[in-house]
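Mapping to numbering that gives the first Met the number 0: the sequence shown position 141 is 140, numbers consecutive.
Beneath this line is the structure, given in structure tokens, with notes to follow.
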Amino acid sequence: MNPDDTSARLRLDRALHHVDVTFRGMTARGDETQCVCHWGDPEELARLKIPDVLLDASLLRRTWTAPDWKDHGAVLRRILPQFARALVDGLVEPWFATHEIGRTFARGKWRQWPGRQSAAVEEFLNAWWAHALTTPDPVVRPYDLLALCAEASGTLGPWLGTWEALGHHVADRHLVEAAARWEEDLLGDGLPWDAWEGEETLRAELSAWLVRHAPARLRAGGAPEELLHRIRLLGLTGPARWEDPHWPDLGR
């Protein structure tokens, strides 16, 4: 195993342990409620008010996907030890797209939590991201995990910065895969995921980063020449873009 892979896994394991310790004993508020018809029965709700009791897969899913808790932060803290490990193990399936998982972190307003708690969440997300970038076949592909982290944190720059600073052949291959997934949306002036807010800012930042940083890494990762041209086109606007001989037919 590559030493970088081992280091990233150890960091992730430490981050998961820190989440376990930090959020041990947390519960939902005693007056928390949910819809009996659409969410679940009172006995299931009561389990969220008991610390450290594992939830079955269905209850965990209904808990993290529900957008209407009185205190979403308290509910998220209650499930975080189990939820974080389920995410890393690939046991969490979003309804439509992975960025929805990031939104449950955003709804919990984790950046406003006490310092030790917010630091544990931040390190977990950073460790998971670094591990995915250096793992050949991660449970969540980096193009999806980037959207999750961006939605969870409300920012894109730090995650791109980690990718940029990581001189790793596996990270280069992931960049090729991500660029191929993103280029059509970005050339059509769309973000590759449905952002909660700031979509245009995120799109512009991702496009600019790819134009500035990606070409050399894409070549190193074995990207086809046509993909390199499409990334180049992201740096052009107006007729210079769509009159270029490499402009693709996007069905527009």
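Where is the CB? At the ideal position from N, CA and C, for every residue including glycine.
Computed from a prediction, not measured in an experiment: that's the story for all the values here.
Just to confirm before moving on: does the CB-CB distance between Val120 and Ala131 stay below 8 Å? Within the sequence shown, the letter at position 121 stands for residue 120. Within the sequence shown, the letter at position 132 stands for residue 131. Their beta carbons are not under 8 Å apart, which means Val120 does not touch Ala131 by this criterion.
Just reading off the alpha helix (DSSP H) that Gln111 is part of, what are its end residues? What you label residue 111 is simply residue 112 of the sequence shown in a count that begins at 1. According to the DSSP assignment, Gln111 belongs to no alpha helix (DSSP H), since it is labelled neither H nor E.
Quick check on Asp188: does DSSP put it in helix, strand or coil? As a working note, residue 188 is residue 189 in the sequence shown. Coil, per DSSP.
Alpha-carbon spacing of Thr103 relative to Pro244, whole angstroms: What you label residue 103 is simply residue 104 of the sequence shown in a count that begins at 1. What you label residue 244 is simply residue 245 of the sequence shown in a count that begins at 1. Each residue's alpha carbon lies about 43 Å from the other.
Close Cβ partners of Trp297 (< 7 Å) along its chain, the five nearest in sequence each way excluded: Beyond the ends of the chain as shown, which are 0 and 251, falls residue 297; an answer cannot be given.
Suppose you measure from the CA of Arg202 to the CA of Leu190; what does that come to, to the nearest Å? For the purposes of this step, residue 202 is taken as residue 203 along the sequence shown, with counting starting at 1. For the purposes of this step, residue 190 is taken as residue 191 along the sequence shown, with counting starting at 1. The alpha-carbon separation between Arg202 and Leu190 amounts to approximately 5 Å.
Do the CB positions of Glu176 and Ala14 come within less than 8 Å of each other? Here residue 176 is taken as the residue at index 177 of the sequence shown, counted from 1. Here residue 14 is taken as the residue at index 15 of the sequence shown, counted from 1. No. Outside cutoff.
Evaluate contact between the segment 182 to 198 and the segment 87 to 101, counting only Cβ atoms and requiring at least three cross-stretch pairs below 8 Å. The segment 182 to 198 vs the segment 87 to 101: in contact.
With a threshold of 16 other CB atoms inside 10 Å of the CB of Val35, please say whether the residue is buried or exposed. Here residue 35 refers to the residue found at position 36 of the sequence shown. Result: exposed.
Spatial distance of Glu31 from Gly72 (CA atoms): Along the sequence shown, read from residue 1 onward, the residue named residue 31 stands at position 32. Along the sequence shown, read from residue 1 onward, the residue named residue 72 stands at position 73. Approximately 12 Å between the Cα atoms of the pair.
From Pro141 to Leu53, what does the alpha carbon distance come to, in whole angstroms? Position 142 of the sequence shown, counting from 1, holds the residue named residue 141. Position 54 of the sequence shown, counting from 1, holds the residue named residue 53. Across the structure, Pro141 and Leu53 are spaced so that their CA atoms are roughly 28 Å apart.
N- and C-terminal bounds of the alpha helix (DSSP H) containing Gln33: The sequence position of residue 33 within the sequence shown is 34, counting from 1. Boundaries cannot be given for Gln33, as no alpha helix (DSSP H) includes it and DSSP labels it neither H nor E.
What do you get for Gln33, buried or exposed, if any count of 16 or more other CB atoms within 10 angstroms of its CB means buried? Taking the sequence shown and counting its residues from 1, the one referred to as residue 33 is at position 34. Answer is buried; the Cβ neighbour count reaches 16.
Can you grab the Cα-Cα spacing for the pair Gly24 / Val18, in whole Å? In the sequence shown, the residue the question calls residue 24 occupies position 25. In the sequence shown, the residue the question calls residue 18 occupies position 19. Our two residues, Gly24 and Val18, have alpha carbons roughly 12 Å apart in a direct line.
Going by DSSP, what residue range makes up the alpha helix (DSSP H) through Trp241? Reading the sequence shown from its first residue, position 242 is the one you call residue 241. Annotation: the continuous alpha helix (DSSP H) that includes Trp241 extends over Pro238 to Trp241.
Spatial neighbours of Asp51 in its chain, beta-carbon cut-off 7 Å, leaving aside the 5 residues before and after: Numbered from 1 along the sequence shown, position 52 holds the residue referred to as residue 51. Residues Arg23 and Gly24 of the same chain have their beta carbon placed closer than 7 Å to that of Asp51, with the five preceding and five following residues left out of the count.
Ala129 and Thr161 closer than 8 Å at C-beta: Locating residue 129 in the sequence shown gives position 130, counting from the first residue. Locating residue 161 in the sequence shown gives position 162, counting from the first residue. Less than 8 Å divides the Cβ of Ala129 from the Cβ of Thr161.
Minimum C-alpha distance to Arg172 - residue among Ala207, Pro223, Gly187 and Glu199: Here residue 172 refers to the residue found at position 173 when the sequence shown is read from its first residue. If we check each option's Cα against that of Arg172, Pro223 comes out closest.
Nearest by alpha-carbon distance to Arg8: which of Ile49, Asp88, Val74 and Glu182 is it? Taking the first residue of the sequence shown as 1, we reach residue 8 at position 9. With distances taken between Cα atoms, Arg8 lies closest to Asp88.
Would Glu150 pass as a contact of Ala207 if the rule is Cβ separation under 8 Å? Within the sequence shown, residue 150 is the residue found at index 151, counting from 1. Within the sequence shown, residue 207 is the residue found at index 208, counting from 1. No Cβ-Cβ contact shorter than 8 Å links Glu150 with Ala207.
Less than 8 Å between the beta carbons of Arg46 and Leu58, yes or no? Working through the sequence shown from its first residue, we reach residue 46 at position 47. Working through the sequence shown from its first residue, we reach residue 58 at position 59. Yes, Cβ-Cβ distance for Arg46 and Leu58 is below 8 Å.
Please report the straight-line C-alpha distance between Leu44 and Ala27, rounded to a whole angstrom. Counted from its first residue, the sequence shown places residue 44 at position 45. Counted from its first residue, the sequence shown places residue 27 at position 28. Those two C-alpha atoms are separated by around 9 Å.
On a Cα-Cα basis, can you pick out the residue from Thr133, Gly197, Glu204 and Leu185 that is closest to Arg10? Along the sequence shown, read from residue 1 onward, the residue named residue 10 stands at position 11. It is Thr133 whose Cα lies nearest to the Cα of Arg10.
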